Amino acid sequence: MFTKLLDQLQNYNIKNYQFGLVIIVTILSVFGAFMVDSARSGLFERQIMGVAIGFVAMVIISLFDYKFVLKYTWILYVISTVLLVAVLIPGIGVEVNGARRWIRFGEVLQFQPSDLTKIILILFFAYFFMRFQQHISKLRMLLASGILVAPSIILIHRQPNLSNTITLAILFCLMLFMAGLSYKVIGLLAAIVVPFTVIFLLIAVQPNQPFLANYQQERLLAFLNPEEFAQEAAMQQLNSVMAIGSGQLHGKGFNNDLPISLKNSNFVPEPHNDFIFAVIGEELGFIGSSIVVVLLLLIILMCLLVGIRASDLAGRLICGGVASLIAIQTFINIGVATLMVPNTGISLPFVSYGLTSVISFYMGIGFVLNVGLQPSKQANKYPNKYVK
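Below you can see the structure in the form of structure tokens.
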């Protein structure tokens with residue numbers, strides 16, 4: 000394997016390495032470590048350790064041919080499923096605030112398998128959809144795809160982890176679309192899903208509904224009527240919105256000690272994770288918040304641009320999948336902090352606290368970088384033009 004890696008390295012052109020993407024990701028994640036420490040003192044070293052591990056993993060992964068890795072996606076799929084099952088087993092999975100989402104190693108290190116599952120499923124379906132590209136719009140293909148993604152969605156929902164369940168479901172749908180799903184099928188599915196969603200929401204807000212846990216229903220009701228739940232379920236989001244607004248243009252200052260600040264007054268319970276954007280808005284103002292959004296947007300666009308030049312469908316789906324994952328989590332996290340979507344906790348990519356999250360996103364970027372190192376589809380289309 001080492002000899003094969005050396006051969007691969009000789010075929011790579013350093014000019015194709017997306018150093019710009021590496022720089023932006025690194026700047027954003029280091030910035031995130033400082034914001035995490037500002038939101039909750041004492042977490043900087045752990046977050047930086049996650050960034051360092053993730054950076055090393057990204058570089059190593061970027062040098063391995065993703066086509067070689069894709070051959071073992073079934074093994075990765077099984078490992079991912081086993082880890083999700085293990086989380087639910089008492090004595091293995093760690094329960095925090097009524098949710099069992101982590102596996103603990105030692106006294107301080109915790110691992111959240113759902114973060115890794117998202118990256119593994121991007122690889123798995125990139126390979127799966129490439130193999131069966133000609134049948135992507137057929138009913139049996141859609142059923143098979145649904146059956147394959149179902150275990151992960153169900154197991155993550157059982158933790159319970161609604162935010163990652165929704166993220167994974169949307170990610171799967173977007174990858175189906177990018178794989179070439181027929182517009183007729185998309186229209187048919189929309190005609191089914193949209194009315195079903197409306198009916199689901201109408202039932203979900205009723206007393207004794209069977210779909211959502213009590214706290215999930217309360218969060219949905221708080222989103223629809225925030226004033227009515229201002230002292231209960233909507234309090235966190237309303238305080239977050241006030242904190243972001245109070246930052247105005249320039250913010251109150253990084254790591255300030257004002258007693259009325261979001262972090263110092265405990266207005267929200269997770270300022271270093273789910274509501275990290277509220278801390279950014281309050282301390283760095285509109286300018287700081289805009290810079291974070293622009294950097295995330297640049298990462299998404301650069302991943303998509305690498306995918307456009309990929310040599311095969313799998314490469315395009317890997318890049319598109321990673322870009323979609325970053326976009327989905329960014330939208331949900333900032334949407335929760337600004338009261339645009341119901342309160343459901345999920346990390347802001349490369350910024351929020353969480354070693355597993357940061358490392359998993361770096362791994363995703365590593366695969367994008369490797370796709371960029373492979374010969375482009377233009378080179379494959381006109382091989383003689385690129386032969387010296």
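Numbering-wise (numbering that gives the first Met the number 0), the sequence shown opens with residue 0 and increments by one. All C-beta atoms, glycine included, are put in the ideal place defined by N, C-alpha and C. Bear in mind the structure is a predicted one, so any value in this text is a computation, not a measurement.
- For the 8 Å CB-CB criterion, Tyr16 and Leu368 form a contact.
- By the Cβ test, the region 27 to 46 is in contact with the region 347 to 365, since at least three Cβ pairs between them sit closer than 8 Å.
- As for any beta strand (DSSP E) of minimum length 3 sitting wholly inside the region 178 to 229, there is none.
- A contact is defined here as three or more CB-CB pairs under 8 Å, and the region 33 to 42 meets this definition with respect to the region 275 to 282.
- Going by beta carbons, Thr164 and Ile152 fall inside the 8 Å limit.
- Minimum Cα-Cα distance from Leu138 among the listed residues Asn96, Val95, Val184 and Leu201 corresponds to Val184.
- For Glu94, the uninterrupted beta strand (DSSP E) segment begins and ends at Gly92 to Val95.
- When secondary structure is reduced to three states using DSSP, Gln132 falls in the helix class.
- Every alpha helix (DSSP H) of 4 residues or more that sits fully in the region 284 to 336 is shown, in chain order, as 312 to 336.
- Straight-line spacing of the CA atoms in Ile191 and Tyr182 works out to 14 Å.
- Note: Ala149 is not bridge-paired with any residue in the DSSP secondary-structure output.
- Approximately 11 Å separates the beta-carbon atoms of Ala322 and Arg315; this is outside 8 Å, ruling out the contact.
- Linking Leu324 to Ile169 through their CA atoms gives a straight-line distance of about 9 Å.
- CA-CA distance, Ala242 to Gly252, rounds to 13 Å.
- Contact between Leu180 and Ser245 does not hold, since the beta-carbon distance rounds to 45 Å and is not under 8 Å.
- Ile345 is positioned such that its CB atom lies closer than 8 Å to that of Ile331.
- In chain order, Gln216, Leu219, Leu220 and Leu223 place their CB closer than 8 Å to the CB of Val204, counting only its own chain and leaving out the 5 sequence neighbours on each side.
- Sixteen is the threshold: when 16 or more other Cβ atoms of the shown chains lie within 10 Å of the Cβ of Arg100, as they do, the residue is buried.
- DSSP places Ala85 inside the alpha helix (DSSP H), whose first and last residues are Thr72 to Val86.
- Here the alpha carbons of Asn207 and Gly19 stand approximately 52 Å from one another.
- Taking the C-beta atoms as reference points, Leu312 is found no nearer than 8 Å to Ala143.
- Taking 8 Å as the cut-off, the Cβ atoms of Ile119 and Leu75 count as close.
- Contact check for Leu87 and Leu161: beta-carbon distance about 15 Å, past the 8 Å limit, so the pair fails to qualify.
- Non-local beta-carbon contacts of Phe199 in its own chain, meaning distances under 6 Å to residues more than five positions away in sequence, are absent.
- Counting C-beta atoms within 10 angstroms of its own C-beta, Leu296 has fewer than 16 neighbours from the protein chains shown and is therefore classed as exposed.
- Asp273 is the residue among Gly90, Asp273 and Ser239 whose C-alpha sits nearest the C-alpha of Thr329.
- Phe366 and Ser61 have their alpha carbons spaced roughly 6 Å apart.
- Annotation: the continuous beta strand (DSSP E) that includes Leu108 extends over Leu108 to Phe110.
- In the three-state DSSP reduction, Ile102 falls in the strand class (E or B).
- By the 16-neighbour rule on beta-carbons within 10 angstroms, Val305 is buried.
- The alpha-carbon separation between Ile364 and Glu227 amounts to approximately 42 Å.
- Spatial neighbours of Gly53 in its own chain (CB-CB distance under 6 Å, excluding positions within 5 residues in sequence) are listed in chain order as Val357, Ile358 and Tyr361.
- In this structure, the beta-carbon distance from Asp114 to Thr343 does not fall below 8 Å.
- In terms of Cβ geometry, Val148 and Phe131 do not form a close pair [threshold 8 Å].
- Closest by C-alpha distance to Ser79, out of Gln111, Ser260, Met48 and Ile290, is Gln111.
- By the neighbour-count criterion, in which 16 or more other beta carbons inside 10 Å mark a residue as buried, Gln235 falls on the buried side.
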